[in-house]
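Each remark here refers to the structure printed beneath this line.
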Amino acid sequence: MDDIVLKSISIQRFTLNDIEIATQKYKTLIGEGGFGSVYRGTLSDGQEVAVKVRSATSTQGTREFNNELNLLSAIRHENLVPLLGYCCENDQQILVYPFMSNGSLQDRLYGEAAKRKTLDWATRLSIALGSARGKYMGYYSTQQFSAKSDVFSFGVVLLEIISGREPLNIHRPRNEWSLVEWAKPYIRNSRIDEIIDPSIKGGYHAEAMWRVVEVALSCIEPFSAYRPCMSDIVRELEDALIIENNASEYMKSLDSFGGSNRFSVDRSMVIPPTPAQTETSSILSQPTPPQPR
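So that you can map any letter, position 159 of the sequence shown is 159 in the UniProt record's numbering, and since no number is skipped, the others follow by simple counting.
In structure tokens, the structure reads:
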């Protein structure tokens, strides 16, 4: 992994020796999931940790792992355990969390914690917004306003939050291995019910859900020039959370002002924006993309 890129990650970096000592060479297995195996450990300062070791079957590369680290390090929410640190050494990709009962975002969406109690939609949306704000402030402080690879990764996180599925799971039918490739056709054909986590169905406002789905779709656009900046993402998610928390008031405002034309897509057929759509919402109005490389 690029050491220059690593300097931008504001969490602790552990050596593989640190991990092996903390876990007593992976002595206590406490769980397994789409990410890999989870071991209990104790750091040199006495702090108990949960150590997630990525499975050898994962196809995620170091660059994707770096993007994921940036996103996870920005997620701070009272219902979740924050990422404490990581290790990337000798082809090992490891995440370290404080050992607590709440679990990580992934635990709460599709891990062991999800089996005990699922996150409701309003909480998921709040987490997504908090993560987006964290990323935006990180870009603002370093004058990096268009980290498009991070935007793509954030779109994947949004799909995880919406669907309750792992980004990659080779144990599913082949056409469902990749969350992005599985979800896109359903979104483009206005069949978002097919991708929404069954555990939250009936527990969300449709308008708020649609806004988040559209943000996710714009983030995973193959052409980086079409992807939104984090400030636009924050604004759209803020609106979605307001709608979710004040559904009745929002519907009244639509009646008063004749409806909303903020959306740039016809939900009867969701497609990427084109340069001709000039009067559309900022998050989906992007310049003509370059040729694929």
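The beta carbon of each residue, even a glycine, is placed where N, CA and C say it ideally should be.
Please read these numbers as outputs of a predicted model, since none were measured by experiment.
With respect to Y86, L109 sits apart: the two C-beta atoms are not nearer than 8 Å.
For L105, the uninterrupted alpha helix (DSSP H) run begins and ends at L105 to Y110, by DSSP. Using a Cβ distance threshold of 8 Å, I195 and Y204 do not count as a contacting pair. Here D107 is buried. Its C-beta has 16 or more other C-beta atoms within 10 Å. In summary, D45 is exposed, with fewer than 16 beta-carbon neighbours lying within 10 Å of its beta-carbon over all protein chains present.
The Cβ atoms of Y97 and L83 sit closer than 8 Å to each other. By the Cβ-count criterion, Q93 is buried, with 16 or more other Cβ atoms from all chains shown falling within 10 Å of its own Cβ. In the DSSP assignment, P98 falls within the beta strand (DSSP E) that extends over Q92 to P98.
Here T23 is buried. Its C-beta has 16 or more other C-beta atoms within 10 Å. By the neighbour-count criterion, in which a residue is buried when 16 or more other Cβ atoms sit within 10 angstroms of its Cβ, N189 is exposed. DSSP places S231 in the helix class (H, G or I) of the three-state scheme. Around the beta-carbon of K52, 16 or more other beta-carbon atoms lie within 10 Å, marking it buried.
In the displayed model, I187 falls within a helix according to three-state DSSP. In the three-state scheme derived from DSSP, where H, G and I count as helix and E and B as strand, I30 is classed as strand. Membership of A206 in the alpha helix (DSSP H) is indicated by the continuous run A206 to C219. By a beta-carbon distance limit of 8 Å, A240 contacts A208. Their separation comes to about 5 Å.
Leaving aside the five residues that flank S178 on each side, the residues in its chain whose CB is nearer than 8 Å to its CB run, in chain order, P167 and L168. Secondary structure of A50 (DSSP, three-state): strand. Per DSSP, E89 is one residue of the beta strand (DSSP E) stretching across G85 to E89.
Excluding residues up to 5 positions away in sequence, G36 lie with their Cβ nearer than 6 Å to the Cβ of S55 in the same chain. Comparing C-alpha distances from T15 to each of R40, L95, W182 and G31 shows the shortest one belongs to L95. Scanning R235, K184 and K25 for the CA closest to the CA of V213 turns up K184. DSSP places R13 within a strand segment (E or B) once states are collapsed to three. When the Cα atoms are used, R13 and E89 turn out to be separated by approximately 10 Å. Sequence-distant partners of G155 (beyond 5 residues in either direction) whose C-beta falls short of 7 Å from its own C-beta, in its chain, are A216, C219 and I220.
For R174, the secondary structure class from DSSP, reduced to helix, strand or coil, is helix. Residue pairing by DSSP leaves G202 without any beta bridge partner.
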